[in-house]
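Here is the structure we will look at.
In this note's numbering, the protein residues as written are 562 to 705.
As structure tokens, then:
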């Protein structure tokens, strides 16, 4: 591990310490490799979660921009309507359309969040499964 700064905690290399320990029946290199894969899996899951978060924020911004455009259009349509009855009918139509669009947007954002969470969880689930297989293999190897 490369030296990052003058901070001794950041410069600590556990693989060197573990490599110096010679415990019979314990494959230190495989333990270190397994922990490295654990860190890589967590990093990949975090990266996916962050990318999902960015996509959700971008979509929310698009939704807000669309809502602002829809409000401006609705104001124009309401002011163009004639009689009070026509205005009331137009207003009811606009409110219904806005409500349906809002539900659609909420559903879409919820699905985006669920997809992002599922993808990140799948990476971690696979790594836990692989890690347990590695432990079983190490135990079998130690018995042999």
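The C-beta atom is built at its ideal place from N, Cα and C for all residues, glycine as well.
The segment 655-666 / the segment 610-619 touching (three or more Cβ pairs under 8 Å): Contact fails: fewer than three Cβ-Cβ distances are below 8 Å.
Cβ shell of residue 606 (< 7 Å), same chain only, five flanking positions each side left out: Within the same chain, residue 606 has close Cβ partners 681, 684 and 685.
As assigned by DSSP and simplified to three states, the class of residue 691: Helix.
Chain-order list of residues whose beta-carbon lies under 7 Å from that of residue 720 (same chain, five-residue window excluded): A question about residue 720 goes unanswered here, because the residues of the chain that appear run from 562 up to 705.
Reduced DSSP secondary structure (H/G/I, E/B, other) of residue 631: Looking at residue 631 - three-state DSSP - the assignment turns out to be helix.
Cutoff 8 Å; reference residue 702; Cβ partners in own chain excluding five residues on either side: Here the set comprises 588.
Residue 677 burial status per 10 Å Cβ neighbour count (16 or more: buried): Answer is buried; the Cβ neighbour count reaches 16.
The segment 644-651 contacting the segment 668-675, beta-carbon criterion three pairs below 8 Å: Segments in contact, no.
Proximal residues to residue 697 (C-beta, below 7 Å), its chain only, five neighbours per side dropped: Same-chain partners within the cutoff: there are none.
Assigned secondary structure, residue 644 (DSSP; H/G/I helix, E/B strand, else coil): Correct three-state label for residue 644: coil.
Whole-number beta carbon distance between residue 635 and residue 655, since they are thought to touch under 8 Å: Confirmed, Cβ separation roughly 5 Å.
Straight-line Cα distance separating residue 679 from residue 693: Those two C-alpha atoms are separated by around 21 Å.
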